[in-house]
Amino acid sequence: DTGVSQDPRHKITKRGQNVTFRCDPISEHNRLYWYRQTLGQGPEFLTYFQNEAQLEKSRLLSDRFSAERPKGSFSTLEIQRTEQGDSAMYLCASSLLSLGETQYFGPGTRLLVL
Amino acid sequence: AQTVTQSQPEMSVQEAETVTLSCTYDTSESNYYLFWYKQPPSRQMILVIRQEAYKQQNATENRFSVNFQKAAKSFSLKISDSQLGDTAMYFCACSINNAGNMLTFGGGTRLMVKP
Numbered sequence: 003d004t005g006v007s008q009d010p011r012h013k014i015t016k017r018g019q020n021v022t023f024r025c026d027p028i029s030e031h032n033r034l035y036w037y038r039q040t041l042g043q044g045p046e047f048l049t050y051f052q053n054e055a056q057l058e059k060s061r062l063l064s065d066r067f068s069a070e071r072p073k074g075s076f077s078t079l080e081i082q083r084t085e086q087g088d089s090a091m092y093l094c095a096s097s098l099l100s101l102g103e104t105q106y107f108g109p110g111t112r113l114l115v116l
Numbered sequence: 014a015q016t017v018t019q020s021q022p023e024m025s026v027q028e029a030e031t032v033t034l035s036c037t038y039d040t041s042e043s044n045y046y047l048f049w050y051k052q053p054p055s056r057q058m059i060l061v062i063r064q065e066a067y068k069q070q071n072a073t074e075n076r077f078s079v080n081f082q083k084a085a086k087s088f089s090l091k092i093s094d095s096q097l098g099d100t101a102m103y104f105c106a107c108s109i110n111n112a113g114n115m116l117t118f119g120g121g122t123r124l125m126v127k128p
């Protein structure tokens, strides 16, 4: 049983560029979550999917952030026109659809915007 | 909205000793879950222990146990027989059933286990 995987693990980009991150959840998990973690802080929820439906996106930090999960399997998080303040670790987690089910986290993608 | 507070930014403990990490939370919901996650240096976050709010019995996982005080909204983590591998950031988190189970995290406690 493979865990949650994320790609790339590290990304360095210049301000103004677009970046896209990928998350592959545990295969039988139908919920997928995205979080952002800045240095020394706890993760902050961004959005989540149940199968292919995005059920909460009001916490996305701005309209430059968007996420998709087109076939209910992997998900992508895109940041357009990156800013230096976007530098952070972006974490993906997945879980089964069940009350209080444990979320399993991936290794994260560390973004540095120059 | 719920909040989670960890008042100890850093703690240290000698190997084989016991340490307790504090967490308080606030929510108006009655049906929620509480978690402790561990994030070792440069490694991914893993679950340490979870507690269902409707259960009065404190959860235990090997050397890890919690003291869940629902009225006080307190959820502390006790690590017994500390090991060098316990060195990590520890995050307390809360999820609400009717809010997609999204996790709200505290700011974390950095635990150093000393030989």
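Protein chains in written order, with the numbering used here: chain V, 3 to 116; chain W, 14 to 128.
Backbone N, C-alpha and C fix where the C-beta goes; we use that ideal spot for every residue, glycine too.
Check your understanding: Under a three-way DSSP split, which group does V:Gln19 fall into?
Key -> One-based indexing of the first sequence puts residue 19 of chain V at position 17. Coil at V:Gln19, not helix or strand.
Practice item. Flag this pair as yes or no: are the beta carbons of V:Gly5 and V:Tyr106 separated by less than 8 Å? Key: Here residue 5 of chain V is taken as the residue at index 3 of the first sequence, counted from 1. Here residue 106 of chain V is taken as the residue at index 104 of the first sequence, counted from 1. Yes, Cβ-Cβ distance for V:Gly5 and V:Tyr106 is below 8 Å.
Point to revise | Per-residue contacts from V:Gly44 into chain W (C-beta, under 7 Å) | key: Taking the first residue of the first sequence as position 1, residue 44 of chain V is located at position 42. Those are Phe104, Phe118, Gly119, Gly120 and Gly121, listed as they occur along chain W.
Exercise for review: Could you list which residues in chain W have their beta carbon closer than 8 Å to that of V:Tyr35, in chain order?
Suggested key: What you label residue 35 of chain V is simply residue 33 of the first sequence in a count that begins at 1. Neighbours of V:Tyr35 on chain W, chain order: Met115 and Leu116.
Point to revise | Inter-residue CB distance, W:Thr33 and W:Lys127 (contact presumed, cutoff 8 Å) | key: Counted from its first residue, the second sequence places residue 33 of chain W at position 20. Counted from its first residue, the second sequence places residue 127 of chain W at position 114. Their Cβ separation, rounded to whole angstroms, is 16 Å, which puts W:Thr33 and W:Lys127 out of contact at 8 Å.
Check your understanding: According to DSSP, what are the bridge partners of W:Met115?
Key -> As a first step, residue 115 of chain W must be located in the second sequence, where it is residue number 102. Answer is none; W:Met115 lacks a bridge partner.
Review point. Does the distance from the C-beta atom of W:Gln19 to that of W:Cys105 stay below 8 Å?
Key: Residue numbering aside, residue 19 of chain W sits at position 6 when the second sequence is read from its first letter. Residue numbering aside, residue 105 of chain W sits at position 92 when the second sequence is read from its first letter. Cβ distance < 8 Å, so W:Gln19 and W:Cys105 count as in contact.
Check your understanding: At which residues does the beta strand (DSSP E) containing W:Met24 begin and terminate?
Key -> Within the second sequence, the letter at position 11 stands for residue 24 of chain W. Residues Glu23 to Gln27.
Check your understanding: Closest by CA to W:Tyr67, which one among W:Gly113, W:Ala84, W:Trp49 and W:Met58?
Key -> In the second sequence, the residue the question calls residue 67 of chain W occupies position 54. Of the listed residues, the one whose Cα sits closest to W:Tyr67 is W:Ala84.
**Study point:** Residue-chain proximity (V:Glu58, chain W), Cβ-Cβ < 8 Å
**Key:** Position 56 of the first sequence, counting from 1, holds the residue named residue 58 of chain V. Closer than 8 Å to some Cβ of chain W, the Cβ of V:Glu58 qualifies, so yes.
Check your understanding: The beta strand (DSSP E) spanning V:Leu79 covers which residue range?
Key -> Position 77 of the first sequence, counting from 1, holds the residue named residue 79 of chain V. Element bounds for V:Leu79: Ser77 to Ile81.
**Study point:** Between the CA atoms of W:Asp39 and V:Leu113 - distance to the nearest angstrom
**Key:** Here the question's residue 113 of chain V lines up with position 111 in the first sequence. Here the question's residue 39 of chain W lines up with position 26 in the second sequence. V:Leu113 and W:Asp39: Cα-Cα distance of roughly 32 Å.
Review point. Quick one, are the C-beta atoms of W:Ser108 and W:Leu97 less than 8 Å apart?
Key: Locating residue 108 of chain W in the second sequence gives position 95, where the first residue counts as 1. Locating residue 97 of chain W in the second sequence gives position 84, where the first residue counts as 1. No.
Review point. How big is the Cα-Cα spacing for V:Ser78 and V:Phe47?
Key: Along the first sequence, read from residue 1 onward, the residue named residue 78 of chain V stands at position 76. Along the first sequence, read from residue 1 onward, the residue named residue 47 of chain V stands at position 45. A small correction: the amino acid at residue 78 of chain V is Thr; Ser does not occupy that position in the sequence shown. Approximately 15 Å between the Cα atoms of the pair.
Practice item. Pull up the distance between the alpha-carbon of W:Ala14 and that of W:Ser41, whole angstroms please. Key: Locating residue 14 of chain W in the second sequence gives position 1, counting from the first residue. Locating residue 41 of chain W in the second sequence gives position 28, counting from the first residue. Looking at the two C-alpha atoms, the distance is approximately 8 Å.
Exercise for review: Classify V:Pro45 as buried or exposed, calling it buried when 16 or more other Cβ atoms lie within 10 Å of its own Cβ.
Suggested key: Taking the first residue of the first sequence as 1, we reach residue 45 of chain V at position 43. The residue is buried, with at least 16 neighbouring Cβ atoms inside 10 Å.
Exercise for review: Could you pull the start and end residues of the beta strand (DSSP E) that W:Cys107 belongs to?
Suggested key: By 1-based counting over the second sequence, the position of residue 107 of chain W is 94. Ala101 to Ile109 is the extent of the beta strand (DSSP E) around W:Cys107.
Check your understanding: What are the residues of the segment 50-82 of chain W that lie near chain V, defined by any Cβ-Cβ distance shorter than 7 Å?
Key -> Gln57, Met58, Leu60, Arg63 and Glu65
Review point. How about V:Thr40: is its C-beta nearer than 8 Å to some C-beta of chain W?
Key: Within the first sequence, residue 40 of chain V is the residue found at index 38, counting from 1. No, its Cβ sits nowhere closer than 8 Å to a Cβ of chain W.
Review point. Considering V:Asp65, what are the terminal residues of the beta strand (DSSP E) in which it resides?
Key: The residue you call residue 65 of chain V lines up with position 63 of the first sequence. For V:Asp65, no beta strand (DSSP E) encloses it, and the DSSP letter there is neither H nor E.
**Study point:** Proximal residues to V:Gly74 (C-beta, below 8 Å), its chain only, five neighbours per side dropped
**Key:** Within the first sequence, numbered from 1, the residue matching residue 74 of chain V stands at position 72. For V:Gly74, where only same-chain residues beyond five positions count, the Cβ hits under 8 Å are Asn32, Phe51, Asn53 and Glu54.
Practice item. Starting from W:Lys127, trace the beta strand (DSSP E) both ways and give me its first and last residue. Key: In the second sequence, the residue the question calls residue 127 of chain W occupies position 114. It spans Thr122 to Lys127 - the beta strand (DSSP E) in which W:Lys127 sits, taken as one unbroken run.
Check your understanding: Considering only C-alpha positions, which residue in the set W:Asn71, W:Ser95 and W:Pro22 is nearest to W:Leu47?
Key -> Translated into positions along the second sequence, residue 47 of chain W becomes position 34. Comparing Cα-Cα distances from W:Leu47 to each of W:Asn71, W:Ser95 and W:Pro22, the minimum goes to W:Asn71.
Practice item. Name the residue from W:Ser43, W:Glu30, W:Ala29 and W:Ser78 whose alpha carbon lies nearest to the alpha carbon of W:Tyr50. Key: Here residue 50 of chain W refers to the residue found at position 37 of the second sequence. With distances taken between Cα atoms, W:Tyr50 lies closest to W:Ser78.
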